[in-house]
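K.L.:
Numbering of the sequence shown is given in UniProt numbering, commencing with residue 1 and proceeding in unit increments.
The C-beta atom is built at its ideal place from N, Cα and C for all residues, glycine as well.
Here it is, the structure in full.
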Amino acid sequence: MWLIRKQERRYCIRTRPAVAVLILLESEGETYVVLTEQVEEETGISLNLEGMVDLTGFLDPSTGCTVFPSPGGCDEEINLFLYRGHVGKEVITQLQGKETGLREHGEFIKVHVIAYEKLWRATADAKTLVAIALYEMAKKEGLLPPLSSSSASS
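If you want it as structure tokens, here you go:
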């Protein structure tokens, strides 16, 4: 398994819940991961939205089915979604080091590919760590729907 993550300097001020998507892409027997908020803009991958799974939806309803990355420190809410699909190996290879973002909006984003098994040690990003935890627990408890035959495309 591999993670594809982005590197971006930014200041975050939100008036509505943020949304992050954990994308698992199968290619030639390997699983790769993307955690992003703006999938197509930042990776060039188009997703079949019917394949999305709300990971925060598995939380107890008393939580509001959302994540607060810094309760008491700010009122930011995050919803985390999972997408699993199939792509060609060349799509994964092309993402390594890709520079994306809308320059006219001051966005300078660089995509990194990381082995999934090393991911939890390679990041201090709260969204990524929470997405890993929710995904792993949902998988362990058999809550995830079967992987569909639909694919992501680039």
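#1: Going by DSSP in three states, residue 156 sits in which element: helix, strand or coil?
#2: Is it the case that the Cβ atoms of L80 and A131 are separated by a distance below 9 Å?
#3: In angstroms with no decimal places, state the Cα-to-Cα distance between I109 and T100.
#4: Quick check: L55 and L134, are their CB atoms within less than 9 Å of each other?
#5: Quick check on DSSP: helix, strand or coil for V87?
#6: Look up K118 in the DSSP assignment and give the residues it is bridged to.
#7: Taking its Cβ as the centre, do 16 or more other Cβ atoms sit within 10 Å of M137, making it buried, or is it exposed?
#8: Going by Cα to Cα distance, which pick from C74, V53, K98 and L82 is closest to E41?
#9: What residue range is occupied by the uninterrupted alpha helix (DSSP H) comprising V39?
#10: Of all the beta strand (DSSP E) runs that stay within the bounds of the segment 45-105, which reach a length of 3 or more residues?
#11: State buried or exposed for T128, treating a residue as buried only when at least 16 other CB atoms are found within 10 Å of its CB.
P.N.:
Quick look at the numbers:
#1: In the structure as shown, the chain begins at 1 and stops at 154. Residue 156 is therefore absent and cannot be evaluated.
#2: The Cβ atoms of L80 and A131 lie closer than 9 Å to each other.
#3: Across the structure, I109 and T100 are spaced so that their CA atoms are roughly 5 Å apart.
#4: Yes.
#5: Looking at V87 - three-state DSSP - the assignment turns out to be coil, as it is neither helix nor strand.
#6: Under the DSSP definition of a beta bridge, K118 lacks any partner.
#7: With fewer than 16 other Cβ atoms inside 10 Å of its own Cβ, M137 counts as exposed.
#8: Nearest option by C-alpha distance: K98.
#9: Looking at the DSSP string, the run of the alpha helix (DSSP H) that includes V39 is V39 to T43.
#10: Qualifying beta strand (DSSP E) stretches, in chain order: 52-54 and 78-86.
#11: Answer is buried; the Cβ neighbour count reaches 16.
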